[in-house]
Structure formats: C-alpha cells, structure tokens
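Residue numbers (my numbering): 72 to 162.
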C-alpha cells in the first residue's frame, strides 16, 4: 500500500474513533451500534436537532465548518467521516 493511502486509512480510523466518541458522549448512543455503515436516523435514533448538535461538536473537535448542504447529506456515520476528511483536507 502506498504511504499516502496508509496515512489516509489511518486518518479515517482516527476520525471514525473521534466521531464515535462524540456520538456516545453527546447523544448517549450505545457504542456497539456505531459502525461506519450505521444510519444516523434509522439505526442510531438521531433526529434533526441531535444532528445539528453533533455537527457543532464535530466542527469544534476538528476545527472545521460543516455547511447546511453537507449536513443534509449526512446519512451514515461514514458520511460524517467523509465530510470531516473533505473539510480537513481543504484547510
């Protein structure tokens, strides 16, 4: 695996772990339910207000800004990871 791909994979796992922690800490979701494929609403019970609060916590944790259009596209935990990766890479 090329170094850049290995670094990217490492960052992805780091982002996932941090986001998972945010979901557990801020929303009280059972850690065992949080997988990359988990759907925020259907699987984790996150409503629109929870999603906004989670986005704010993630923005603060990663020092990024998630715009409203991106927020509407976040369906799974992996979508959040991808959004964080995109926004941190743009810095």
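The beta-carbon is built from N, C-alpha and C at its ideal position, and this holds for glycine as well.
Taking a cut-off of 8 Å on C-beta distances, the region 133-140 does not touch the region 109-117, as fewer than three cross pairs fall below it. Residue state for residue 136 is assigned as coil, using DSSP reduced to three classes. In this structure, the straight-line span from the alpha carbon of residue 157 to that of residue 94 is close to 20 Å.
Residues 136 and 137 of the same chain have their beta carbon placed closer than 7 Å to that of residue 130, with the five preceding and five following residues left out of the count.
For residue 100, no alpha helix (DSSP H) segment is defined, and its DSSP state is neither H nor E.
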